[in-house]
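Protein chains in written order, with our numbering: chain W, 1 to 469; chain D, 1001 to 1469.
Number of protein chains: 2
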Amino acid sequence: MAYFDAASSEPLHPAARSAFLSALEEGWADPARQYHDGRRARLLLDAARETVASVLGVRPDEVSFTTSGTQAAQLALLGTLAGRRRVGAHGVVSAVEHSAVLHAAELHESRGGEITRTVVGRDGRVDLAALAADLRDDTAAVALQSANHEVGTLQPVAEAAELCAARGIPLVVDAAQSVGRIAVPDGWSVLAASAHKWGGPAGVGVLVVRKGTRYTSPLPYDEREARRVPGFVNVPAVVAAAVALGAVATGSDEENLRLSALVDRIRVRVPEIVPDVEVVGDPVARLPHLVTFSCLYVDGEALLTALDRAGFAVSSGSSCTSSTLTPSHVLEAMGVLTQGNVRVSLPRGTPEAEVDRFLAVLPKIVADLRAVTGTASAGAPVAEAPEAPAADEGSPALVLDTLGRRCPIPIIELARHIGDIASGAVIAVLSDDEAARLDVPAWCDMTGHEYVGERPGETGGVAYLVRRA
Amino acid sequence: MAYFDAASSEPLHPAARSAFLSALEEGWADPARQYHDGRRARLLLDAARETVASVLGVRPDEVSFTTSGTQAAQLALLGTLAGRRRVGAHGVVSAVEHSAVLHAAELHESRGGEITRTVVGRDGRVDLAALAADLRDDTAAVALQSANHEVGTLQPVAEAAELCAARGIPLVVDAAQSVGRIAVPDGWSVLAASAHKWGGPAGVGVLVVRKGTRYTSPLPYDEREARRVPGFVNVPAVVAAAVALGAVATGSDEENLRLSALVDRIRVRVPEIVPDVEVVGDPVARLPHLVTFSCLYVDGEALLTALDRAGFAVSSGSSCTSSTLTPSHVLEAMGVLTQGNVRVSLPRGTPEAEVDRFLAVLPKIVADLRAVTGTASAGAPVAEAPEAPAADEGSPALVLDTLGRRCPIPIIELARHIGDIASGAVIAVLSDDEAARLDVPAWCDMTGHEYVGERPGETGGVAYLVRRA
């Protein structure tokens, strides 16, 4: 099995595993106790905090261990908003933050706060001019990830921090995808990270609050972890997390270069060997280990299943997977194709041969899936244009009713029938599938047809209009 | 080292340790993923949930795994209060709940809610008549622990549940101290527990919400764990927790009887071999493994340190320990002596010989500490009563100024000088130490003098008045 889902969870680092086993023996007692076992746990906890602080370039007393990366990210945003509630209840988050941050933002809204979701470009990077315009006198905090977890694009953290600093607003950085791989640019006030993303165990997150930042815990009072995280501190897991971070931070440059070259191989080769593919995310300013692409006319879940059967564990931002009926909010915010989406994120140490094997099996897997729906040959089965005159936009020459049918069916139907209308004529795809709003324009981009726009469907759903090239 | 602090954290059960190691290999991936490693993690998680549900006698889909017992207890109270916020914002908690629950209650108050802290007797048990009187039409939830974590007293959960049910109010039970040892009585709606208290690893709590109970998560949305606990599920730790629970639940009756006999030995012997000791908590309706006693004229921290040096790890609810300047809220609510407090909680498998060794060394340790302050001989160094006439209560015959001095000094001074006044005369102890409010009356109970009451001190602090017997 080739595990290509490191962005979800990196397998436990061997050094972390050994440290974990030792710390289960030595560090299980309450580090707040004064007896021998407690003091020993405290020493381990202090050492772990120093290791993490050292890698992050902060002071140990700025570091609190949380019970997950999600908790760290949510506390980071909510605690910073609460700490500045006298300034105002407005927060700004990028539209492509991890759902942990977006759900925290929604909780803030549900309690009377206001959130602006700042836009990103087609590459997934926040638009700094838009961000600057989103800042207000009552903005209590801004949240921006260090790098996007689905497409790998690095965010302009340093520039965003400058914008925020000029207005005295703290910047909260969800650095879950980059800590342990690449340094987080300076200028942030609060940072969150997740140990199991860097080869530590699950159950440990890191919340860093820089000195001078106002932070008010949204959780019940607890004297532990600088009063930021209630509950018994999980010392063995924290020790393992710190050991993993120390291990991966050492020599990460070399491994980053190696993985980045493998990612480049995927970025370059996939569009060469698989027709109708869109590789998304910034090709240069990106995480070293992560690449995302989408395949036209392919059901995301079917693709994951076929890859799993071929021995590859990947994830997908497509809507048509068993866990969701809506496409990834990241792909949506970028305005890119969502069907047949595959995220490959390489764990440290991924053998080159596994990537080559992936590239070897992918074309046939995609072709087989397309064969089932009659979209196997290069692109769509476009027929000769009939001689019929072009209809105006108000009355499409052809309406494809795909109501009730899920991604990728609407796009498959569109591709199958675009040849039924004349060049310059308009075809309407009637759909109630969320993904169609993204995928119809993306399909037009990829095939050279013109996306005209959408209007409410007369019999429900939305009519997406496409003019044949 | 004899570890007698199981109520804080039970050492990891050997079966849990093996399961943990296996699950770190087999269960590290995201159980929400559809690929092989994810499905394997999901199977382990499902099996763990079934084990825990089976031991607790509930349905698996009623069980959510949290990231700590503290989180479970706090979600239990806050989620139940939020689920019934249309009924009202009033909650009732016992005054002797774990601080995790009390801090959650304080957060509820800080957000505009109202909390009644229902009283307990000198044995630490809630007063059911008082509880009944505390219930109101706008009471959204009641929280009552299954057993007290500091003194071991079992709470009348079944009776409280009946009172609540009669008024349609859900009962929240923090069962952290009893799950895995004794069954929780029926009738509750929401239950919280903590894996590292039963021999599982840290980082796992259990939140059970019975069907039909309204529960609204106070945390950001997350689809995992029945939408109750955000973040990546820590499958390896959950697996280990479930294995530990299954292991300790099997055959716990026998071990309970054995530990209970050891606790009885401590309960009976300590007052026989150590003068001026108060053993607190219900002697019969109690946890099998836990006993608490307090020693007059002894500094709690010094006692812990001396016991640690002698090879015993215990905890203390005294104020004079390094982590706090206020005495345990449990001892305070019970109105019992707080100085020289020792909680002994025996882990499963504690050898009888360790308890006997504890009983062998304790008298000399206490005597040595008392010798330092001149209170070594049986009780206080009471002199002959002088012939002076008794003063009235308004003007004490003697005022002891102990302002700025911490527990147990005010009581030591009181014991040293009670003999300076005549029988029937009043001595005033002027103190600004929180513990004095509890310890002066407790000292009077133990020595036969009469506690008259308190009044504001003229030069600050509080004057506690004692009439010599």
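Cβ atoms here follow ideal geometry from the backbone N, Cα and C, with glycine treated the same way.
- No Cβ of chain W is located within less than 8 angstroms of the beta carbon of S1423 of chain D.
- Per DSSP, reduced to three states, the secondary structure at H90 of chain W is strand.
- For the segment 13-34 of chain W, the set of residues with a beta-carbon nearer than 7 angstroms to any beta-carbon of chain D comprises R17, L24, W28, A29, D30, A32, R33 and Q34, in chain order.
- Within the segment 1203-1227 of chain D, the residues whose Cβ lies closer than 7 angstroms to any Cβ of chain W are, in chain order, G1203, P1220, Y1221 and D1222.
- P1031 of chain D sits buried, since 16 or more C-beta atoms from the chains shown fall within 10 Å of its C-beta.
- With respect to chain W, the C-beta atom of E1162 of chain D has no partner C-beta closer than 8 angstroms.
- Within the same chain, and ignoring the five residues on either side of W1443 of chain D in sequence, the residues whose Cβ sits closer than 6 angstroms to its Cβ are I1411.
- Annotated three-state conformation of V1243 of chain D is helix, per DSSP.
- The residue among D:E1026, D:R1122 and D:L1044 with its C-alpha nearest the C-alpha of T1338 of chain D is D:R1122.
- Using beta-carbon distances, A1104 of chain D counts as an interface residue toward chain W, with a partner under 8 angstroms.
- Rounded to whole angstroms, the separation of the alpha carbons of H1449 of chain D and S1431 of chain D is 19 angstroms.
- A residue is called buried once 16 or more other Cβ atoms fall within 10 Å of its Cβ, and T292 of chain W is buried on that count.
- For the C-beta of F293 of chain W, not a single chain D residue is nearer than 8 angstroms; the gap to the nearest is close to 18 angstroms.
- If the five residues before and after H329 of chain W are omitted, its C-beta is found closer than 8 angstroms to the C-beta atoms of A95, V96, S99 and L102, all from its own chain and listed in chain order.
- Secondary structure at N234 of chain W: coil, using DSSP grouped into helix, strand and coil.
- Collapsing the DSSP output to three states places E106 of chain W in a helix.
- Taking 8 angstroms as the cut-off, the beta carbon of F1065 of chain D is found closer than this to the beta carbon of V1238 of chain D.
- The closest CA to that of V120 of chain W, considering only W:T326, W:D137 and W:V151, is found on W:V151.
- The beta carbon of A1132 of chain D sits closer than 7 angstroms to the beta carbons of L1163 from its chain, once the five residues preceding and following it are set aside; these are given in chain order.
- Nearest in C-alpha terms to L1075 of chain D, of all of W:D127, W:P218, W:G27 and W:A143, is W:P218.
- Counting the other Cβ atoms within 10 Å of the Cβ of V314 of chain W gives 16 or more, which makes it buried.
- For E1454 of chain D, the enclosing beta strand (DSSP E) covers residues E1450 to P1456.
- Here G1069 of chain D really is in contact with S1194 of chain D; their C-beta atoms are around 2 angstroms apart, less than 8 angstroms.
- Beta-bridge partners assigned by DSSP to D401 of chain W: W:L430.
- The beta carbon of R1267 of chain D is closer than 7 angstroms to those of V1279, P1283 and V1291 in its chain, skipping five residues each way along the sequence.
- Around the beta carbon of A1166 of chain D, a 10 Å sphere encloses fewer than 16 other beta carbons of the protein chains shown; the residue is thus reported as exposed.
- Close to A1313 of chain D, with beta-carbon spacing below 8 angstroms, are these residues of chain W in chain order: A29, R33, Y35, H36, D37 and G38.
- Listed by position along chain D, the residues whose Cβ is nearer than 7 angstroms to that of S68 of chain W are T1067, G1231 and F1232.
- Assignment of beta-bridge partners to R117 of chain W by DSSP yields W:V93.
- Within the model, the alpha-carbon separation for R1084 of chain D versus A160 of chain W is close to 42 angstroms.
- Residue contact with chain W for P1347 of chain D: absent (no Cβ-Cβ distance below 8 angstroms to any residue of chain W).
- The beta carbon of H196 of chain W sits closer than 8 angstroms to some beta carbon of chain D.
- At a cut-off of 8 angstroms between beta carbons, A237 of chain W contacts chain D.
- Within 8 angstroms of the CB of Q1071 of chain D, the CB atoms of chain W belong to T67, P230 and G231, in sequence order along the chain.
- Proximity to V1126 of chain D across D:G1453, D:V1093 and D:G1374 peaks at D:V1093, based on C-alpha coordinates.
- Taking each of D:P1408, D:P1327, D:V1052 and D:I1182 in turn and checking the Cα distance to A1285 of chain D, the smallest one comes out for D:I1182.
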